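Participant:
Number of protein chains: 2
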Amino acid sequence: MLFLSRFFLSCDLQQPSISEMHSPDLLQYDKLIDKFDTLLFDCDGVLWRGNELIPGSKEFVEKVRKAGKQVIFVTNNASNSRNQYKAKFDKLGINVERDEIFGSAYASAVYLKYNLKFPADKKVFVVGMKGLEEELESEGIQYIGGTDPKYNTITPDIDFNAIKSGLDKDVGAVVAGFDVMLNYTKLSYAYSYLTSKEHDVKFILTNDDSTFPQSCGLFPGSGAMSSPLVVSSKRKPTVVGKPNAPMLECILKQKQLNPDRTLMIGDRLNTDISFGQHGNVKTLLVLSGVSTPEDIEKEGIYPDYIARSLKHIR
Amino acid sequence: MLFLSRFFLSCDLQQPSISEMHSPDLLQYDKLIDKFDTLLFDCDGVLWRGNELIPGSKEFVEKVRKAGKQVIFVTNNASNSRNQYKAKFDKLGINVERDEIFGSAYASAVYLKYNLKFPADKKVFVVGMKGLEEELESEGIQYIGGTDPKYNTITPDIDFNAIKSGLDKDVGAVVAGFDVMLNYTKLSYAYSYLTSKEHDVKFILTNDDSTFPQSCGLFPGSGAMSSPLVVSSKRKPTVVGKPNAPMLECILKQKQLNPDRTLMIGDRLNTDISFGQHGNVKTLLVLSGVSTPEDIEKEGIYPDYIARSLKHIR
Chain A
6 MLFLSRFFLS
16 CDLQQPSISE
26 MHSPDLLQYD
36 KLIDKFDTLL
46 FDCDGVLWRG
56 NELIPGSKEF
66 VEKVRKAGKQ
76 VIFVTNNASN
86 SRNQYKAKFD
96 KLGINVERDE
106 IFGSAYASAV
116 YLKYNLKFPA
126 DKKVFVVGMK
136 GLEEELESEG
146 IQYIGGTDPK
156 YNTITPDIDF
166 NAIKSGLDKD
176 VGAVVAGFDV
186 MLNYTKLSYA
196 YSYLTSKEHD
206 VKFILTNDDS
216 TFPQSCGLFP
226 GSGAMSSPLV
236 VSSKRKPTVV
246 GKPNAPMLEC
256 ILKQKQLNPD
266 RTLMIGDRLN
276 TDISFGQHGN
286 VKTLLVLSGV
296 STPEDIEKEG
306 IYPDYIARSL
316 KHIR
Chain B
6 MLFLSRFFLS
16 CDLQQPSISE
26 MHSPDLLQYD
36 KLIDKFDTLL
46 FDCDGVLWRG
56 NELIPGSKEF
66 VEKVRKAGKQ
76 VIFVTNNASN
86 SRNQYKAKFD
96 KLGINVERDE
106 IFGSAYASAV
116 YLKYNLKFPA
126 DKKVFVVGMK
136 GLEEELESEG
146 IQYIGGTDPK
156 YNTITPDIDF
166 NAIKSGLDKD
176 VGAVVAGFDV
186 MLNYTKLSYA
196 YSYLTSKEHD
206 VKFILTNDDS
216 TFPQSCGLFP
226 GSGAMSSPLV
236 VSSKRKPTVV
246 GKPNAPMLEC
256 ILKQKQLNPD
266 RTLMIGDRLN
276 TDISFGQHGN
286 VKTLLVLSGV
296 STPEDIEKEG
306 IYPDYIARSL
316 KHIR
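Chain order of the listed sequences is A and B.
Counting from 6, one number per residue, gives the positions in the first sequence under my numbering.
Counting from 6, one number per residue, gives the positions in the second sequence under my numbering.
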């Protein structure tokens, strides 16, 4: 309690600024940025909320680029591929290259291909959207389900027999992520693959965020949408996205980063900040998204730095 | 382990029969039935699987009726109202009165009205099907959501703003049950009510069965379908159906039953058998549905009696 009281005093939320958790002294932007070569940014709740830019985020990214820092955008949102994400950055006026983006859809495809050595003749059953399909395609992985109209019906008359008799014996994994087309038919196919005694079917979640931030508020997230499969199949999935290790391991390795000189910036303690901590990089919580200062002690997850938003890092 | 070994020996699954768990002696039908005045039957997995009668179940019900026993059918399936359930019994040739049926949809409506004294000017937001709507109507409870086409869309372009701005201030409860029309729009409305800071919204699940048995196999059940709401809202719902107390309390009270002379027959340890045990009635597990003998020790739930199916009670 004493520790947190000191933290809040130093945080000075009425006149927002960065504070170092282990010291009541206020940090200046230059001092902070000088400590790092690479900044990893979460997107939703840090750069934007839904389709609206968070004021000052674009300018912050430009400022750190000018200071010669490497920037990487790390997102758990698996509804978009990197190409779709780049289009979103472009639309919002943030300059970015496709290779600077790491989404959980892409990371899931990479995980399947390189970590699981997913066989080329096997297929993934997708509970997800176009972005996840695109990233699987980019790694040459076959899939069914997803956006195929056959699996996106909404009807009171489910043909249960057709589902059980229509299973594809080549399905070797179910990959589930954010899916606004979620429906009982698709869930029933995925459940049937996961519980099939005839097939060895891996179970992968792109990420397990419980909520999904939009500019008008929160909505159920990937972790909520995939929970029917976890509950009904009683299986424990491999979760690729934040706060789990696979995605950060992939980034550090592929970009050859020094963890000591890398800062993870995010708005969620239990995804972004834990993610950085699991990978032994320093962490900065911005209060422009989901987590509040009250959540810090409640969740017992302590970021190294805190700021009201990117604009308030000065 | 010793206890269970004795149980399995006495169970003699190759020549199925009832065995009393605390004795290796095989029980005869007459001896068992004589102990009870009332038999509570689970339906799915006991009387039928999906739309197919389990052989001998109809004859067993007729036999106990002839022996002067009271029969009550208790089902967690909230997709049907009692009237819809009676139609199913009729179709399968099992003679039953509406008042002999207790479904979790009906029990949820009764729970709202009598236990929660749900105000007449408030509405329920329904994540469920026609049967749940009918039972709410039968108790004079207003509702929105459910089967209304407005809430049953499947589209990649969710209008998030329309959801948050379209909340009805009169909603005082979210009741979620089995819903094959489950979709992200409906879940987003339900989530928004559950997390609204402006309204006091109760959270009720008709039941939380993880799977739903059909003749061709298992599918995700009510507990799986409502899990996105539990995960995203981080709220603990009141669960009306088996194995929880509200439904059995309601039955014992309304029918003025003596628990000592009542037997609960079901196919699921963690719903039917626990349900009976919570209400201090004796329990009989039939192996014609979900639970297997191996599950008994695994789950640590010990029925008083066991039989391969109703036909094998002789």
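We put the beta carbon where it would ideally sit given N, CA and C, even for glycine.
Here the structure is a predicted model, which means the values were calculated and not measured.
Any C-beta of chain A within less than 9 Å: which residues of the segment 209–228 of chain B qualify?
Facilitator: Residues passing the 9 Å Cβ filter: D213, S215, T216, F217, Q219, S220, C221, G222, L223, F224, P225, G226 and G228.
Participant: Quick one: which chain A residues come within Cβ less than 9 Å of L187(B)?
Facilitator: Those are I159, L187, N188, Y189, L192 and P233, listed as they occur along chain A.
Participant: Are E106(A) and F78(A) close, meaning C-beta to C-beta below 9 Å?
Facilitator: The sequence shown places Ile at residue 106(A), rather than the Glu named in the question. Yes, they are a contact pair.
Participant: Starting from the beta carbon of Y196(B), find every residue of chain A whose beta carbon is closer than 7 Å, and list them in chain order.
Facilitator: What Y196(B) touches in chain A: F224 and P225.
Participant: Give the DSSP-derived three-state secondary structure of P248(A) in the structure shown.
Facilitator: Three-state result, P248(A): coil.
Participant: Could you confirm whether any beta carbon from chain A is found closer than 9 Å to the beta carbon of D184(B)?
Facilitator: Closer than 9 Å: yes.
Participant: Can you have a look at A250(B) and say buried or exposed, based on whether 16 or more other CB atoms are within 10 angstroms of its CB?
Facilitator: Exposed is the call here.
Participant: Would the segment 150–163 of chain B count as touching the segment 188–197 of chain B if we require 3 or more Cβ pairs under 8 Å?
Facilitator: The answer is yes - the segment 188–197 of chain B touches the segment 150–163 of chain B, with three or more Cβ pairs under 8 Å.
Participant: Quick one: Cα of T152(A) to Cα of N56(B), how far?
Facilitator: Taking the straight line joining both Cα atoms gives about 31 Å.
Participant: Taking the alpha-carbon positions, what's the Y156(B) to V131(B) distance?
Facilitator: The straight-line gap from Cα to Cα measures roughly 10 Å.
Participant: Assess, as a yes-or-no matter, whether the segment 251–258 of chain A is touched by the segment 106–120 of chain A under the definition of 3 or more beta carbon pairs within less than 8 Å.
Facilitator: At 8 Å Cβ cutoff, the stretches touch.
Participant: Threshold first: 3 residues or longer. Then list the beta strand (DSSP E) segments lying entirely within the segment 145–212 of chain A, N to C.
Facilitator: If we require 3 residues or more, the beta strand (DSSP E) runs fully inside the segment 145–212 of chain A come out as 147–150, 176–181 and 207–210.
Participant: Along the chain, where does the beta strand (DSSP E) containing Q75(A) start, and where does it finish?
Facilitator: That run of the beta strand (DSSP E) goes Q75 to T80.
Participant: How about F130(B): is its C-beta nearer than 9 Å to some C-beta of chain A?
Facilitator: By this cut-off, F130(B) is not an interface position.
Participant: State the start and end residues of the unbroken beta strand (DSSP E) segment that holds P218(A).
Facilitator: That run of the beta strand (DSSP E) goes T216 to Q219.
Participant: For a quick check, are the C-beta atoms of D49(B) and D309(B) less than 9 Å apart?
Facilitator: No, these two residues do not count as a Cβ contact at 9 Å.
Participant: What is the DSSP secondary structure of E67(B), reduced to helix, strand or coil?
Facilitator: Reduced to three states, the DSSP call for E67(B) is helix.
Participant: Considering only DSSP beta bridges, list what K118(A) is partnered with.
Facilitator: BP columns for K118(A) are empty, so no partner.
Participant: List the residues of chain B whose Cβ lies closer than 8 Å to the Cβ of K127(A), in chain order.
Facilitator: Chain B residues near K127(A): none, gap ~23 Å exceeds 8 Å.
Participant: Any beta-carbon of chain A closer than 9 Å to the one on K174(B)?
Facilitator: So, not an interface residue.
Participant: Nearest chain A C-beta to T200(B) closer than 9 Å, yes or no?
Facilitator: Yes, because at least one Cβ of chain A sits closer than 9 Å to the Cβ of T200(B).
Participant: What residue ranges within the segment 251–284 of chain A form continuous alpha helix (DSSP H) runs of no fewer than 4 residues, ordered along the chain?
Facilitator: Correct list: 279–283.
Participant: Closer than 7 Å by beta-carbon distance: list the chain A residues that pair up with K169(B), in chain order.
Facilitator: What K169(B) touches in chain A: C221 and G222.
Participant: Could you list the residues in the segment 44–58 of chain A with a C-beta less than 8 Å from some C-beta on chain B, going in chain order?
Facilitator: Here the close residues are G55.
Participant: Whose C-beta lies closer than 8 Å to the C-beta of S231(A) among residues of the same chain, with five residues either side of it excluded?
Facilitator: Hits under 8 Å: V132, A181, G182, L210, D213 and P242.
Participant: Whether or not the segment 141–149 of chain B and the segment 115–129 of chain B are in contact is what I'm after, with contact meaning three or more pairs of Cβ atoms, one per stretch, closer than 8 Å; do they touch?
Facilitator: A contact exists between the segment 115–129 of chain B and the segment 141–149 of chain B.
Participant: What's the call for K36(B), buried or exposed, on a 16-neighbour Cβ count within 10 Å?
Facilitator: It is exposed - the Cβ of K36(B) has fewer than 16 other Cβ atoms within 10 Å.
Participant: Which residue's Cα is closest to the Cα of S238(B): S215(A), K258(A) and K91(A)?
Facilitator: If we check each option's Cα against that of S238(B), S215(A) comes out closest.
Participant: For the beta strand (DSSP E) that contains F130(A), what are its first and last residues?
Facilitator: Segment K128 to V132, the beta strand (DSSP E) holding F130(A).
Participant: If V179(A) sits next to F208(A), beta carbons under 8 Å apart, how far is it from one beta carbon to the other, in whole angstroms?
Facilitator: At roughly 6 Å, the Cβ-Cβ gap stays under 8 Å, so V179(A) and F208(A) are in contact.
Participant: Quick one: residues in its chain with C-beta nearer than 8 Å to the C-beta of D205(B), no 5 flanking neighbours on either side, listed in chain order?
Facilitator: Once the five neighbours on either side are set aside, the close Cβ partners of D205(B) are G177.
Participant: Answer yes or no: does any C-beta atom of chain A fall closer than 9 Å to that of K71(B)?
Facilitator: Not one chain A Cβ lies under 9 Å of K71(B).
Participant: Just verifying my parser: in three-state terms, what is the DSSP assignment at L52(B)?
Facilitator: Coil, per DSSP.
Participant: For P60(A) versus K316(A), is the C-beta distance shorter than 9 Å?
Facilitator: Contact flag set, yes.
Participant: Locate the alpha helix (DSSP H) running through V236(B), then write down its first and last residues.
Facilitator: S232 to S238 is the extent of the alpha helix (DSSP H) around V236(B).
Participant: Identify the continuous alpha helix (DSSP H) that holds I301(A) and give its terminal residues.
Facilitator: Its alpha helix (DSSP H) spans residues P298 to E304.
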